[in-house]
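Chemist: Each protein sequence line maps, in turn, to chains B and X. Letter by letter, the first sequence follows residues 444 to 629 in our numbering. Letter by letter, the second sequence follows residues 14 to 151 in our numbering. Positions of the beta carbon are idealized from the N, C-alpha and C atoms, including for glycine. Got a structure for you, questions after.
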Amino acid sequence: MFDWLYQPWPWYVAGPLIGLFVPLLFIFGNKQFGISSSLRHVCAACAPSSISYFNYDWKKEGMWHLLFAGGVVLGGFLGGWVFANPEPIAISGSTISDLTALGVQDFDGFLPDDLFNWDNLLTWQGLLIMLGGGFMVGFGARYGGGCTSGHAISGLSDLQLGSLIAVIGFFAGGLIVTHLIYPFLI
Amino acid sequence: MAYLKYLVFGVLFGFVLTKAEVISWFRIQEMFRFQSFHMYGVIGAAILVGMISVQIIKRFNVKDIHGDPISIPPKDSTQVYRYAIGGTIFGLGWALTGACPGPLFALLGSGLGIIIVPLVGALIGTFVYGALKDALPH
């Protein structure tokens with residue numbers, strides 16, 4: 444009866460549920476759905492400085508973002524630990540063979556352990572994937588004015604041209620890394 | 014206490030992200046290799062539901078639970094450089110780490126301590142943007 448808590452959800456269940464966070468946050472909080480602003484509030488809270496971009500009342504503007512992000516950590520704990528799916532993720536056979544050809548060996552869990560581990564952080568490839576990738580996510584999200592939630596979901600939901608340009612950029616960057624850069628990193 | 018609801022919404026969102034498997038590095042690879050419909054289905058269905066919701070809110074002037082008009086701030090579409098360049102940099106990072114910000118938080122919660130590294134990277138990136146903002150084309 445509670446199998447659905449453990450099993451992965453198909454796109455036609457999970458996708459609409461994700462979309463419902465747009466009206467949920469508008470109606471219950473008059474807030475626009477988005478995640479990456481929470482990173483700016485952490486910077487504003489932890490690194491007070493003369494930089495005007497971080498000089499604002501982060502508690503007033505950002506507390507909801509920070510609590511939402513904290514909730515996502517807890518949700519990941521429930522979904523990925525307490526009610527973890529015991530089976531490996533059913534990814535496409537062609538992706539498995541492409542990645543195997545690149546040298547990926549671990550297909551369990553959410554990440555390939557052969558790339559995402561502390562020892563690999565001491566190689567330039569691992570440093571670029573983990574720290575460099577994270578840097579570009581944070582830098583790009585603020586420069587671009589939003590991430591997948593703020594632009595792809597909130598922005599496209601409101602038919603915003605700027606968000607469409609950003610989402611095309613997301614895909615351009617992703618395709619460049621996947622097809623041109625990752626072959627040199629694994 | 015008024016903020017507690019956001020924690021609850023966040024928990025629900027993190028749970029859905031995890032069950033949708035969109036927090037998986039492998040799913041992101043599948044998407045950028047065009048080898049599965051899964052991610053496109055999730056994102057596409059989410060946009061469709063969001064779009065219908067926003068249109069209903071606008072057409073019928075739906076109010077929030079306090080009776081106030083809902084404000085939907087438009088993006089400044091004249092800032093083409095920031096969306097194109099910032100978006101592309103974000104995409105490079107998305108494929109490298111296999112995760113965007115929401116999934117990074119959820120992956121950390123699922124017990125993957127190594128995700129601290131991309132999260133710290135994302136904070137440094139956010140900070141560096143704040144420091145360089147006025148020198149960048151927007």
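Quick check on the DSSP output: the alpha helix (DSSP H) that includes Q548/B runs from which residue to which?
Modeler: Along the first sequence, read from residue 1 onward, the residue named residue 548/B stands at position 105. For Q548/B, no alpha helix (DSSP H) encloses it, and the DSSP letter there is neither H nor E.
Chemist: For P114/X, does the count of other Cβ atoms within 10 angstroms reach 16, so buried, or fall short, so exposed?
Modeler: Here residue 114/X refers to the residue found at position 101 when the second sequence is read from its first residue. By the C-beta density criterion, P114/X is buried, having at least 16 other C-beta atoms within 10 angstroms.
Chemist: Just checking: is the beta-carbon of I619/B within a distance shorter than 8 Å of some beta-carbon in chain X?
Modeler: For the purposes of this step, residue 619/B is identified with residue 176 of the first sequence, where counting begins at 1. Chain X, which has a Cβ nearer than 8 Å to the Cβ of I619/B, makes this yes.
Chemist: Quick check: the Cα distance between S492/B and Q568/B, rounded to an integer number of angstroms?
Modeler: Taking the first sequence and counting its residues from 1, the one referred to as residue 492/B is at position 49. Taking the first sequence and counting its residues from 1, the one referred to as residue 568/B is at position 125. Each residue's alpha carbon lies about 33 Å from the other.
Chemist: Tell me which residue opens and which closes the alpha helix (DSSP H) that R585/B is part of.
Modeler: Position 142 of the first sequence holds residue 585/B. G576 to G587 is the extent of the alpha helix (DSSP H) around R585/B.
Chemist: Can you round the beta-carbon distance between R152/X and I532/B to whole angstroms, since I take them to be within the 8 Å contact cut?
Modeler: Lying outside 14 to 151, the shown extent of chain X, residue 152/X is not represented and no answer is given.
Chemist: By alpha-carbon positions, which one of A33/X, Q48/X, G54/X and Y19/X ends up nearest to Q475/B?
Modeler: As a working note, residue 475/B is residue 32 in the first sequence. Out of A33/X, Q48/X, G54/X and Y19/X, Y19/X has the C-alpha closest to the C-alpha of Q475/B.
Chemist: Taking Cβ-Cβ distances shorter than 7 Å, what residues in chain X pair up with W452/B?
Modeler: On the first sequence, position 9 is the one that residue 452/B refers to. Correct list: K32 and A33.
Chemist: Quick check on the burial criterion: 16 or more other C-beta atoms within 10 angstroms. Buried or exposed for M444/B?
Modeler: As a first step, residue 444/B is located in the first sequence; it is residue number 1 there, counting from the start. That one is exposed.
Chemist: Does chain X have any CB closer than 8 Å to the CB of D500/B?
Modeler: The count along the first sequence starts at 1 and reaches residue 500/B at position 57. It does not; no Cβ of chain X falls within 8 Å.
Chemist: Quick one: which chain B residues come within Cβ less than 7 Å of A148/X?
Modeler: Against the second sequence, residue 148/X aligns to sequence position 135. Simply none; closest approach about 12 Å.
Chemist: Quick check on the burial criterion: 16 or more other C-beta atoms within 10 angstroms. Buried or exposed for G126/X?
Modeler: Sequence index remark: in the second sequence, residue 126/X carries index 113 (1-based). Per the 10 Å Cβ criterion, exposed.
Chemist: Please give me, in chain order, every unbroken run of the alpha helix (DSSP H) with length at least 4 that falls completely inside the region 71-111 of chain X.
Modeler: Scanning the region 71-111 of chain X for uninterrupted alpha helix (DSSP H) segments of 4 residues or longer gives 100-110, listed from N- to C-terminal end.
Chemist: Between which two residues does the alpha helix (DSSP H) holding K18/X run?
Modeler: By one-based count along the second sequence, residue 18/X stands at place 5. L17 to K32 is the span of the alpha helix (DSSP H), which, as asked, contains K18/X.
Chemist: Reducing DSSP to helix, strand and coil, say where A527/B ends up.
Modeler: As a position in the first sequence, residue 527/B is number 84, starting the count at 1. Correct three-state label for A527/B: coil.
Chemist: Between which two residues does the alpha helix (DSSP H) holding S492/B run?
Modeler: Locating residue 492/B in the first sequence gives position 49, counting from the first residue. Where S492/B is concerned, there is no enclosing alpha helix (DSSP H), given that its DSSP letter is neither H nor E.
Chemist: Report the rounded CA-to-CA distance for V29/X versus G522/B, giving the unit in angstroms.
Modeler: The residue labelled residue 29/X in the question sits at position 16 within the second sequence. The residue labelled residue 522/B in the question sits at position 79 within the first sequence. Rounded to the nearest angstrom, the two C-alpha atoms are 8 Å apart.
Chemist: Would DSSP call A533/B helix, strand or coil?
Modeler: Within the first sequence, numbered from 1, the residue matching residue 533/B stands at position 90. In this structure, A533/B counts as coil in the three-state DSSP scheme.
Chemist: Give the residues from the region 75-96 of chain X that approach chain B closer than 8 Å (Cβ to any Cβ), ordered along the chain.
Modeler: For the region 75-96 of chain X, the residues whose beta carbon sits under 8 Å from a beta carbon of chain B are, in order, V75, D77, I78, H79, D81, I83, S84, I85, P86, P87, K88, D89, S90, Q92, V93, R95 and Y96.
Chemist: Return helix, strand or coil for F476/B, following the three-state DSSP convention.
Modeler: Counted from its first residue, the first sequence places residue 476/B at position 33. Three-state DSSP puts F476/B in coil, outside helix and strand.
Chemist: Assign R483/B to one of two classes, buried (16 or more other C-beta atoms within 10 Å of its C-beta) or exposed (fewer than that).
Modeler: In the first sequence, residue 483/B corresponds to position 40, counting from 1. Buried.
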